[in-house]
Amino acid sequence: MSATQLRVVLTPEDFSRYPFVPEALSSLRELELTLEDIASTPLGNLILEKARERLLKAVEGEKLPSPEEDYMLEVAVFYTTLLILAGVGDDRLTEKFSTLYAKAVYEFLLKDLEKGSRDKLLYLAVKVLGWDVRPVDPNVLIHFKYFVSAQPEFTGEWKLTNRVLEKGYVRVSWRELARLLETGVKKYVISLVQRAEVSGNIPEGVYRVVEEVSRAWSARQQDIRSVARDISSRRGEEALPPCIRELLHQQLSGKNLPHSARFALASFLLNIGFSVEETLEVFRHSPDFREDIARYQVEHIAGLRGSRVKYLPYKCDNMRSYGLCRWSCEGVKHPLQYFYRALRGRRVKVKELW
Amino acid sequence: MSSLALNLFKSYYRRTYVPPPSHLEKREYGFQLFGVQGMLRHISFGNGNELNEFLRSRVPQHAYYSTALYESPSAPEMSGKGWLGAELVFDIDIDHVDTPCKELHDTWKCKNCGAEGRGQPRACPVCGSENLERKSWVCDICINSARDEALKLLDLLENDFGVSRNEVAITFSGHRGFHIHVQREDFMSLDQDARREISDYVRGLGLEPELMLRRSKGGLYAFRYDAETPGWPGRIARYAALLLSERIAGSGLPELPKAEWEDLIKTAVNELSAKIDEKVTIDVHRLIRLPGTLHGKTGLKVLELTASELEALTAEDILKKAIVFGDEEVRVRMRKLPSRVLLYTIESDSDVVNVPLHLALYLHLNGGAEVLR
Ligand SMILES: [Zn+2]
Ligand SMILES: [Zn+2]
């Protein structure tokens, strides 16, 4: 569907739920609010305080507060939040905030669907995210390249292999489109933060919030690092091959790992004797952690579900080809081999490949 | 002979201008030189002449280029290269397909118990060890099977993914398969998870038969889709209609016990999926053979083909196009000669045979044959 066929279907009320759309941003311009104002006027201080509150929630991984009903206020708070994120400049915090934020957007999209406002979903998909999406009653067609970059899972009904794919288009339901939009919005918000530039000096008042959020975030990271130490010292960190050690560190620092990396890490931990609960503890640090989905996946890998096979981690060759390993360990073809050798006190020579 | 191989390769690069790939200057190149261990990597070229000058002066045994484009392709660390995107590529290698000719040309030797034999067994039939030393060869029969897989892939790309035949560049690898490069700029940014989904799709991996069945009366199951449905469901429905043709009364597929459907779906997927090496598709930093150069194990040319050429040409035609050296007779000695190789059947009880030059080169490069005259 071409973008021009879509009317602007968003009302001011929608701007407060979807403040990231370009039209909402232009309403902010009408407000003629500068960074100076944010730091120095009562309205500005209100905006700043609300942005601060949201970011501190994100640091703790908690649900974000509901959007402001006054859409002008909401849009201002939203963009101020992004500016502060850009000021903090930590990709993991940005990812964490965006994940939580997109989750809330998904709930609004479902409500819109219940009210029969499909055009709002289409508008976000086509006009805002630039997706190639075509409604075909009673479903929607989406070009596969947008589907595969936004699908939330890689098994069962979400797996591309199990979809009807015709001439490049995947047939999805409207609810599924909403779920795909959640991922799309998350990536879009991340890109807004990356593009956000603060021209000139950051006013003192705004800078204080940047500092406060940075401090809270790094304190939180310290907590996480100590968990990492506990976990890996169970067997001694040296017993872990460099690839798994790296994945574990990334995971514990809250990075959103791709599916293959999560599989590699979970299957490794389960195979060296971590319980399902302990493995879940490690994944609890994901920005998009959802207990139900993660538990299902970990139990599946542990062989408690589905095919009832306990999965082995990938071989070293595959780890490398999936981009999860950049080392060569002498005489080791499988990450578990490294672990068992190290456990027997044998040293393994490790070479970094690239 | 090693110097003969080097000289033949040298003569080839002296008389050939290897066409520069698209975005030549944004790609990383890798080469393996004669008699040198390891690969020269992180090489880049500013234009086609520099590339050809390198080939003429260094005469590599193997030449590769990246499917990825980089800001600084010669940076020594992956993190410093500045990844800009990568072509969507599929590798069809006959190692992944059972062919009858493997008994005629492939050999193995068990490193554990010393047993040896022909064919390509998964493990040693004597002691069960998987530690086998293998020697594999290519013949027209191999290329025919690889061609069938490539055609299945083209069908999947066209009908399911909407990639038309003039949007793919096909390469005969110079050994046992084909590389299919999708030439769509809008796919360059796909990440690894996305590429895995595409790879799994063409392999039919992760397909869950249960999602295609509907419970019906009497404990039987109906197939949810008909032959007109696009994608895997329709493909499977058409295949099932063929297999079940005697049991079809009126329109539509019969209702069957669940297990029977599951078997049938599994067979259909096995038959209709394209046997690709998924590692090549998923890896976004991959080096792959550079078209127009020579394959260092066979001396055959890495040959570019269009989709219609692939459809129209026979395996024999493809091999003839890939053979770039003459057929003057050369006497060679080699143990365990393959009985079918390239276009030739070798029937000889002796270790010494007279063969055309291009075959002598192949026997030497891949089998260590000694050139006698
Ligand atoms: Zn054996
Ligand atoms: Zn063969």
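For the record, the sequence lines run as chains A and B.
Start counting the first sequence at 561; every next residue gets the next number (my numbering).
Start counting the second sequence at 2; every next residue gets the next number (my numbering).
All C-beta atoms, glycine included, are put in the ideal place defined by N, C-alpha and C.
Just so we're clear, the structure is a prediction, and the values are computed from it rather than from any experiment.
| Item | Value |
| --- | --- |
| Chain-ordered neighbours of residue 715/A on chain B, where CB pairs are closer than 7 Å | 207 |
| Bridge partner(s) assigned by DSSP for residue 726/A | 729/A |
| Beta-carbon proximity of residue 161/B to residue 207/B, cut-off 8 Å | no |
| Through-space distance from residue 293/B to residue 307/B, alpha-carbon basis | 14 Å |
| Closer than 8 Å to chain A by CB, residue 240/B | no |
| Short CB-CB distance (under 8 Å) between residue 33/B and chain A | no |
| Residue of 120/B, 6/B, 57/B, 7/B minimising C-alpha distance to residue 339/B | 120/B |
| Per-residue contacts from residue 728/A into chain B (C-beta, under 7 Å) | 162, 163 |
| C-beta atoms of residue 192/B and residue 709/A nearer than 8 Å | yes |
| Sequence-distant residues of the same chain with beta carbon closer than 8 Å to residue 93/B, five excluded per side | 147, 150, 151, 154, 178, 179, 180, 181, 275, 276, 277, 278 |
| Contact set between residue 272/B and chain A, taken where Cβ atoms lie within less than 8 Å | Simply none; closest approach about 16 Å. |
| contact_flag[the stretch 693 to 703 of chain A, the stretch 722 to 739 of chain A] where n(CB pairs < 8 Å) is 3 or more | yes |
| Candidates 71/B, 165/B, 75/B, 201/B: closest to residue 968/A by CA position | There is no way to answer for residue 968/A, as the model of chain A reaches only from 561 to 914. |
| Test item: CB-CB of residue 297/B and residue 359/B under 8 Å | no |
| Beta-carbon proximity of residue 70/B to residue 27/B, cut-off 8 Å | yes |
| One or two residues paired with residue 911/A in a DSSP bridge | 888/A |
| CB contact flag (residue 311/B, residue 142/B, <8 Å) | no |
| Exposure label - residue 102/B; buried when at least 16 CB within 10 Å | buried |
| According to DSSP, residues forming a beta bridge with residue 84/B | 71/B |
| Limits of the beta strand (DSSP E) - the one that residue 322/B falls within | Element bounds for residue 322/B: not the beta strand (DSSP E) but the alpha helix (DSSP H), 316 to 323. |
| Per-residue burial, residue 563/A [other beta carbons within 10 Å of its own, 16 or more giving buried] | Note on residue 563/A: pLDDT 42, under 50, position unreliable in the model; the coordinate value appears next. Exposed is the call here. |
| Residue from 895/A, 615/A, 596/A, 571/A whose Cα sits closest to the Cα of residue 632/A | 571/A |
| Contact test: residue 143/B Cβ vs ligand 2 heavy atom, cutoff 7 Å | yes |
| Short Cβ contact (8 Å threshold) for residue 847/A with residue 656/A | yes |
| Close beta carbons around residue 247/B, own chain, < 8 Å, minus the five adjacent residues each side | none |
| Host alpha helix (DSSP H) of residue 202/B (start-end) | 193 to 204 |
| As assigned by DSSP and simplified to three states, the class of residue 621/A | coil |
| Segment contact, 8 Å Cβ cut-off, at least three pairs: the stretch 808 to 816 of chain A with the stretch 889 to 902 of chain A | no |
| Residue-level contact to chain B via CB, residue 809/A, 8 Å cutoff | no |
| Distance cut-off 7 Å: residue 341/B Cβ against heavy atoms of ligand 2 | yes |
| Cutoff 6 Å; reference residue 2/B; Cβ partners in own chain excluding five residues on either side | Here residue 2/B scores only 43 on pLDDT, less than 50, and its place in the model is too uncertain to base an answer on. |
| Opposing strand residues paired with residue 354/B [DSSP bridges] | 333/B |
| Neighbour flag for residue 906/A against chain B, beta carbons, 8 Å | no |
| Beta carbon of residue 21/B nearer than 8 Å to that of residue 52/B | yes |
| 8 Å Cβ cutoff, residue 816/A in contact with chain B | no |
| 9 Å Cβ cut-off: residues of chain B touching residue 709/A | 190, 191, 192, 194, 195 |
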